[in-house]
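Novice:
Protein chains in written order, with UniProt numbering: chain A, 1 to 285; chain B, 1 to 285; chain C, 1 to 285; chain D, 1 to 285.
1) What are the residues that DSSP puts in a beta bridge with residue 12 of chain D?
2) Starting from the Cα of residue 167 of chain C, find the closest Cα among C:127, C:199, C:188 and C:148 and give me that residue.
3) Could you name the residues of chain A that residue 27 of chain B contacts, counting a contact when the two beta carbons are closer than 7 Å?
4) By the three-class DSSP mapping on this structure, what secondary structure does residue 99 of chain B have?
5) What's the gap between the Cα of residue 45 of chain A and the Cα of residue 51 of chain A?
6) Rounding to the nearest angstrom, what Cα-Cα distance links residue 136 of chain C and residue 84 of chain C in this structure?
7) Closer than 8 Å, Cβ to Cβ, to anything on chain C: give me those residues from the segment 207 to 240 of chain B, in chain order.
8) For residue 272 of chain C, decide whether its Cβ has a neighbour in chain A, counting only Cβ atoms nearer than 8 Å.
9) Please report the residue range of the alpha helix (DSSP H) in which residue 215 of chain A lies.
10) Please report whether the beta-carbon of residue 30 of chain C lies at a distance below 8 Å from any beta-carbon of chain D.
11) Excluding the five sequence neighbours on either side, which residues of its own chain have a C-beta within less than 8 Å of the C-beta of residue 154 of chain D, listed in chain order?
12) How many whole angstroms separate the CB atoms of residue 19 of chain C and residue 233 of chain C, which I take to be in contact at a CB cut-off of 8 Å?
13) Please state if the CB of residue 71 of chain C and the CB of residue 190 of chain C are separated by a distance shorter than 8 Å.
14) Among B:75, B:156 and B:22, whose alpha-carbon lies nearest the alpha-carbon of residue 181 of chain B?
15) Return the residue from the list D:213, D:209, D:172 and D:275 that minimises the CA-CA distance to residue 248 of chain D.
16) Measuring alpha carbon to alpha carbon, tell me which of C:160, C:266 and C:56 ends up nearest residue 235 of chain C.
17) If the cut-off is 8 Å on Cβ atoms, which residues from the segment 128 to 158 of chain C count as contacting chain D, listed in chain order?
18) May I ask you to report which of helix, strand or coil DSSP gives residue 82 of chain B?
19) Distance check for residue 4 of chain A and residue 146 of chain A, CA to CA, integer angstroms please.
20) Compute the Euclidean distance between the alpha carbons of residue 139 of chain B and residue 160 of chain B, then round it to the nearest angstrom.
21) Do you know whose CA, among A:250, A:95 and A:105, lies nearest residue 37 of chain A's CA?
22) Any idea if residue 141 of chain D is buried or exposed, counting beta-carbon neighbours within 10 angstroms, 16 or more meaning buried?
23) Using a Cβ-Cβ cut-off of less than 9 Å, list which residues of the segment 86 to 104 of chain B approach chain F; keep chain order.
24) Going by beta carbon distance, what residues of the same chain come within less than 7 Å of residue 79 of chain D, once the five residues before and after it are set aside?
25) Report yes or no: is there a C-beta of chain A within less than 8 Å of the C-beta of residue 75 of chain B?
26) Any chance the segment 208 to 226 of chain B sits against the segment 261 to 277 of chain D, with 3 or more Cβ pairs inside 8 Å?
27) Using a Cβ cut-off of 8 Å (strictly closer), state whether residue 56 of chain D contacts chain C.
28) Bridge partners of residue 244 of chain C, per DSSP?
29) Going along chain C in order, which residues have a C-beta closer than 7 Å to the C-beta of residue 252 of chain D?
30) What is the residue span of the beta strand (DSSP E) that residue 127 of chain D lies within?
31) Closest by CA to residue 264 of chain C, which one among C:129, C:31, C:12 and C:16?
32) Residue 200 of chain B by DSSP, collapsed to three states: which one?
33) Where residue 103 of chain D and residue 243 of chain D are concerned, what is the direct C-alpha to C-alpha distance, given to the nearest angstrom?
34) What residue range is occupied by the uninterrupted beta strand (DSSP E) comprising residue 195 of chain A?
35) Provide the residue span of the alpha helix (DSSP H) that contains residue 58 of chain D, from first to last.
36) Would residue 38 of chain B pass as an interface residue toward chain A - the criterion being a Cβ-Cβ separation below 8 Å?
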C-alpha cells in the first residue's frame, strides 16, 4: 500500500521498525507520510511536586491498558528527595490492582494482546536482571485473576524495576506493563535522561514551580512531541496536536496545522494589471 | 551529508534523480527534507489573453538564463485561435536575441554551463525529430556571438519546436533553452496537458477572464505548486511560497508556513489545578 | 439599555439615526458596540458583464422582501453600452412580479411593514419627481393582489426610477422597493458614484474581466464593507464577515475576527527566570 | 481634531477625562478611536514570591520617571506573611534614591513636570491623612538635590503610604510618585482589590507557583489589559499588545491585531461561475 501512487498521503500508526520502511517507500515516490511510531515515555517527579497528582498520573500511565499504549509511562524519574516516599506509595497502589476481564466493573487491568508478548515479558525480565536492574514489584506470569479464577488470557504482573540511567534497556520500548524507575538529583539531569533515548513521543513533568515548568517546556527542555506538566504522559493528549518527534516519527496528528498535510498546496501570483514587471530589471523595448 | 544525524533538516535544490536519494536517506533516519527538484513548466495562452503580456512573459521565461532555471518555461500551450499569430510574434522576438557574455550591457543570452549540456542539446534535437516533432526556430550549435566574435563558451541557439501533446519527450525536463509548443482547443484540454507530466513546480495561464482564472487556480486546475496568472512561470515567484508538488519534491520554501519545518514542535498540556482529570472516566478512590 | 454598565458589549442592528445614539452612549462608559445600520447598496453592471447573471441578482436584490433589507439593492449603475438593453429586460421581469401573501407558493413580493412606510413611499415618489427624476416602472399604491383580491396590507408597486448621479435623494436610504438607475461611462466613474454616499454596507459589480474585478475589490475600489463580484448585494453575504463601513456602522459581524469583540483581552508578560531585566538599561547594585 | 471627518482613526493617549470626550466625538461621526488613558497599576506580592525580584520591580515601577507613567506602580498589595519584611527592604531602597537632573549619571529620580503637579501632591498627601492613611516614607516637598544643591524644579519626595483597601482615594490615579501599600490574606482577596478600581491598564503578580500564575492570568484573575507575572507593571510591556481595559480606554496598541484598526475592511464574495445561486432557495424560470 505504501508504494501505491494513488495514495498521496499515508498515515501510519505502529512500530518504529515498520514505520521506517513505510516512510522510505512513500518518500521514494514523493508521497507524504504521517508516522506515529513507538514511544518510550518518561515521567519526571520533582521534589516540589504535588505527589498526590503525580501518583495518580503515574499509576494510570503505567498500569492502564496493561502498558500497551504508545504513550504509556515506561520510565519514572524520581528526585532523590521524594524517591523513597513516592516508590512506597506507588507500590501500595500496585498491590491493589485488580486483574481480570477489563469489561467487568472495577477491573482496570487486563491481559497482554498476544502469547508472543508474554514471551517478550519473560525475556525482558531476564534482561533487566542481566543489566543489573532490580525487580521491585511484579515480574511474574499471573495464573489467577483477582476473583480467584484461573486466568484465561496472557496475564503478567504489573512490574516496577529500579534501573541505572545508563542501562541499554532503557533505550528500547517494551510494549509491556513494565515501569523502570531511575533516581536523579536535579532537573537538568532528569531532562538529559528523558532526552537520551531515540524515541520522542510523550513526556511529563510534575512540579509546582513556574521556573521548572518553563525549563521543561522550553528549548532546553524535553525533546518529545508531547511535553506535559502535572498530567499523565498518557490519556491527556486530546485537544492539542498528537506530536511525534525523533524515532517516534517526526509527524503530527490532529493539531492545528495537520489538515494542511491533506491538501495540495499552490502559490498563485495573479497579475491583474496590463503591465508585465519582470524580475532582475529586464525591460522590453 | 544526507545521512548525518546531526543535520535534523536537509534542504536540497537540484535534480529529481538526486533529490529522490536524498529524500530516502533523510527519511530513513527520521530527519526532515525540503526538496526543490526539477520543473517542467507550462505556460497556457488562452484566446482572450492579453497577447502583449503573454509574449513578454514567455520570451523571458524560455530564453532567460538560456533556459537553465527550474522554473524556465519549457512547454507553451497555445489556443488554436491565437496559435499562429502568437508563434509568429514570438519567432520575431527570438530572432532579436543577442548572444554573448551576459555581463555585457544588452546581452541577455549566454552559454550553457557545461560541455555535457551541449551534448544533451544535440541529443535532444535528434530525439525531437525522432518523435515526430518539428524544429521551428534554432536547433543549432552557435559558433559566433552577436558581436561577430567566435563563441568562447557552450553556445546553442534558443530553440522552438512544434510537438504533439503526447510526445514522450514532454515528460522529461531538458535543462536547456528548448521551448516545445503544443496547440489546444479548450482550457480543460490545456489543463490536462499541463498536469500530464510527473513534475509539478511552476505553471502560468494567460487570460482576461475571471472564470478561466478560477478554473485554473481551483481544485480542478493546475496541479503545480506555482499556479500563476498573467505573469511568467519564472522570475515572479518571490513573495509567495516557492512550492514544489509531485516529482518536483512536494516541498515548500519561503512561504508563510516554511519556518515551521525548522522548528521542533511540541504540544504541552499543563494542568494548573490540584485535580487529575484522567481520560476514559477513570477515578481513584 | 445602552447605558447599562453590566452590558460590556452592545450589538445593535437598526437605523443609522438610532445607531448613532447607541454608539455615543456606549462609548461614554467605555463599553463596546457592534453597529449594523442603514445601507444604500449599489450594483454596477459593466458592458462585459454576464447580463443573465446580473439581471437575476438585481431583480432579487431590489424586489426581494419588498426592498426592506439593509442590503437591498437601491442604486443600479448601468454602463451606457448595455443600459437600454438591461433596463428593458429588467422592466419585463418587474411586470411579472406576483404580489400577495408571501407565505403562499409563488408569491415573492409582499406588503410594507407599516402604514407609515406607505406614506414614506408617497413622499419619496414626489421627491423623486421634484429632483428631476423619472418614474420608469411602478410608483403607485397597489389596491389588488395578483390573484385579483383587494390588498389587505400596505402594498406599493415595485418601482424603478431614472436619476441623475448627483440627485440629493441618492444620499439617503429609503427602506422601500424603489430602485434608482443611473447611467455611467466607465468603471472609475461608477466607483466614484458608489462611494459618494455616507453609507458603506453592501455593493456589487458585474463583470467578466479580471482587471475590473481587481479594481473594484482593491484599495481604489468600493469603500463598502461588502464588496461582491457577480453576485447580489443582498442575500449572498453568509460565510464572510457582515461588514459595515462608514455611516453603516463601522462594525463587523460574524467574520473571522468578530469573536474577539466578545472577549476581554489581556497581555501577559511572564518572567520565568530569576533575573529582572528592566527597560531602559536600569541596573540595580 | 476629534471631529475632523478626514481623520478616520484617532489614536489618543492621555487622561481618562479627555479620552472620554475624544471617544464620544469620534464615535458620533462613525470614526474609530484607540484610547490609552489613565492607569492605576497594582503589584501583588505573594508569600511564595522571589522577593529579590519583586523588590527591584516595585522600586523601578513606583520611583521610575517619578511615578509619571501610565503603567507606574500605584498600589502595592502585600501578603501578610511577607508584608513587614518587604516594606522594610523597600523603605531602605527608597532611602537610597538619588534626586537631581536625570540626565546626569546615577540620577534616577527627577522632578514633576509642572508646578500644578506639586500642588496635587500636597493635596494628595492631605487627603491620604484625611482618609485614615499613614505616610510611611516621604510626603514632603524637596528643597535640595542629592548633590546638596538647591532644587531647581518641581521636586517632591518619593512617598509610600499604608492604606485600607477600601479607601476612596485608591479609586483615582494620582499621576505622582506615591505608592499605596495594602495588606491582604489570600490571592483571591488580592485579585478582588486589584479589580475594584475603574481603570484596567497594568497589573503584576509575583509568585513562584504555577497554580497562582494560572489563577491570576485566567478568566477569574486580573481584569487589566496588562497581566504580568514576575515582572514590573511598568517598562516590560514592549513585545505584546499594549492593552487597556475598562476606563483605561478598552483599546489595544501595537499588538498582533492592532494593524487591523488602521485598515478599511471588506468582505468580497466573488462568483466565478455562470450560475447565480440565491439565498432562500429562490429560483428563476
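Where is the CB? At the ideal position from N, CA and C, for every residue including glycine.
Specialist: Straight from the coordinates:
1) Its beta-bridge partners are D:35.
2) Closest in C-alpha terms to residue 167 of chain C, from the list C:127, C:199, C:188 and C:148, comes C:127.
3) In chain order: 23, 24 and 27.
4) Three-state DSSP puts residue 99 of chain B in a strand.
5) Per the coordinates, the alpha-carbon of residue 45 of chain A lies some 8 Å from the alpha-carbon of residue 51 of chain A.
6) The alpha-carbon atoms of residue 136 of chain C and residue 84 of chain C are separated by roughly 12 Å.
7) Residues of the segment 207 to 240 of chain B with a Cβ closer than 8 Å to any Cβ of chain C, in chain order: 207, 208, 209, 210, 211, 213, 229 and 230.
8) Chain A places a beta carbon closer than 8 Å to that of residue 272 of chain C, counting this residue as a contact.
9) From DSSP, the alpha helix (DSSP H) with residue 215 of chain A extends over 210 to 217.
10) Proximity of residue 30 of chain C to chain D, defined by a Cβ-Cβ separation below 8 Å, is satisfied.
11) Beyond the five residues adjoining it in sequence on each side, residue 154 of chain D comes within less than 8 Å, by CB distance, of 111, 112, 113, 114, 115, 117 and 118 in the same chain, given in chain order.
12) Between residue 233 of chain C and residue 19 of chain C the Cβ distance is about 20 Å, and since that is not below 8 Å, they are no contact.
13) Cβ atoms of residue 190 of chain C and residue 71 of chain C: not closer than 8 Å.
14) The shortest Cα separation from residue 181 of chain B among B:75, B:156 and B:22 belongs to B:75.
15) Considering only D:213, D:209, D:172 and D:275, the residue with the shortest C-alpha distance to residue 248 of chain D is D:172.
16) Proximity to residue 235 of chain C across C:160, C:266 and C:56 peaks at C:56, based on C-alpha coordinates.
17) Those residues of the segment 128 to 158 of chain C that come within reach of chain D (Cβ to Cβ, closer than 8 Å) do not exist; the list is empty.
18) In this structure, DSSP gives residue 82 of chain B a state outside helix and strand, which the three-state scheme calls coil.
19) Rounded to the nearest angstrom, the two C-alpha atoms are 49 Å apart.
20) The alpha-carbon atoms of residue 139 of chain B and residue 160 of chain B are separated by roughly 8 Å.
21) Taking only the C-alpha atoms, the option nearest residue 37 of chain A is A:250.
22) Burial state of residue 141 of chain D is exposed, judged by a 10 Å Cβ sphere holding fewer than 16 other Cβ atoms.
23) Within the model displayed, chain F is absent; protein chains A, B, C and D are what it includes.
24) Spatial neighbours of residue 79 of chain D in its own chain (CB-CB distance under 7 Å, excluding positions within 5 residues in sequence) are listed in chain order as 45, 46, 47 and 184.
25) Judged by the 8 Å Cβ criterion, residue 75 of chain B is not in contact with chain A.
26) Contact holds between the segment 208 to 226 of chain B and the segment 261 to 277 of chain D, because three or more Cβ pairs, one in each stretch, are under 8 Å apart.
27) Answer yes: the Cβ-Cβ gap between residue 56 of chain D and chain C drops below 8 Å somewhere.
28) Answer is C:251, bridged to residue 244 of chain C.
29) Contact annotation for residue 252 of chain D against chain C: 265 [CB-CB distance below 7 Å, chain order].
30) Premise fails: residue 127 of chain D lies in the alpha helix (DSSP H), 115 to 130, not in any beta strand (DSSP E).
31) Residue nearest to residue 264 of chain C within the set C:129, C:31, C:12 and C:16 is C:31 (criterion: CA-CA distance).
32) DSSP, read as helix, strand or coil, puts residue 200 of chain B in strand.
33) When rounded, the distance between both Cα atoms is 30 Å.
34) According to the DSSP assignment, residue 195 of chain A belongs to no beta strand (DSSP E) but to the alpha helix (DSSP H) extending over 187 to 195.
35) Looking at the DSSP string, the run of the alpha helix (DSSP H) that includes residue 58 of chain D is 51 to 63.
36) For residue 38 of chain B, no Cβ of chain A is located within less than 8 Å of the residue's own Cβ.
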